[in-house]
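*Asks:* Have a look at the structure that comes next, please.
Numbering (the working numbering), first residue to last: 39 to 114.
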């Protein structure tokens, strides 16, 4: 019986950033997904409304952003 070798990163893109929220300490963040992400999309992902129905949002800063394509698994 042949065993299938698991790939270390089954996702196509590795996204890394440092997230800076007002009043908090910077946090390193990493995400793997099959579609690329821009810095603006990352900021939108972490920016949330302060109260439901209000237009005020908490602006999140993103630094050291990178979106890199993972190499394909051997044999693909």
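Glycine is no exception: its CB is placed at the ideal position from the N, C-alpha and C atoms.
Quick caveat: nothing in here was measured; it's all calculated off a predicted structure.
So what does DSSP say about residue 82, is it helix, strand or coil?
*Replies:* In the structure shown, residue 82 sits in a helix (DSSP, three-state: H, G or I).
*Asks:* Would you identify the three-state DSSP class for residue 106, choosing helix, strand or coil?
*Replies:* Residue state, collapsed to three classes: strand.
*Asks:* With burial defined as no fewer than 16 other Cβ atoms inside 10 Å of the residue's Cβ, what is the status of residue 65: buried or exposed?
*Replies:* The residue in question, residue 65, is exposed, as its Cβ has fewer than 16 Cβ neighbours within 10 Å.
*Asks:* So, under 8 Å CB-CB, residue 98 and residue 59 are touching, yes? Tell me the CB distance rounded to an integer number of Å.
*Replies:* Right, their Cβ atoms sit about 5 Å apart.
*Asks:* With distances taken Cα to Cα, identify the nearest neighbour of residue 82 among 71, 96 and 49.
*Replies:* The shortest C-alpha separation from residue 82 is found at 96.
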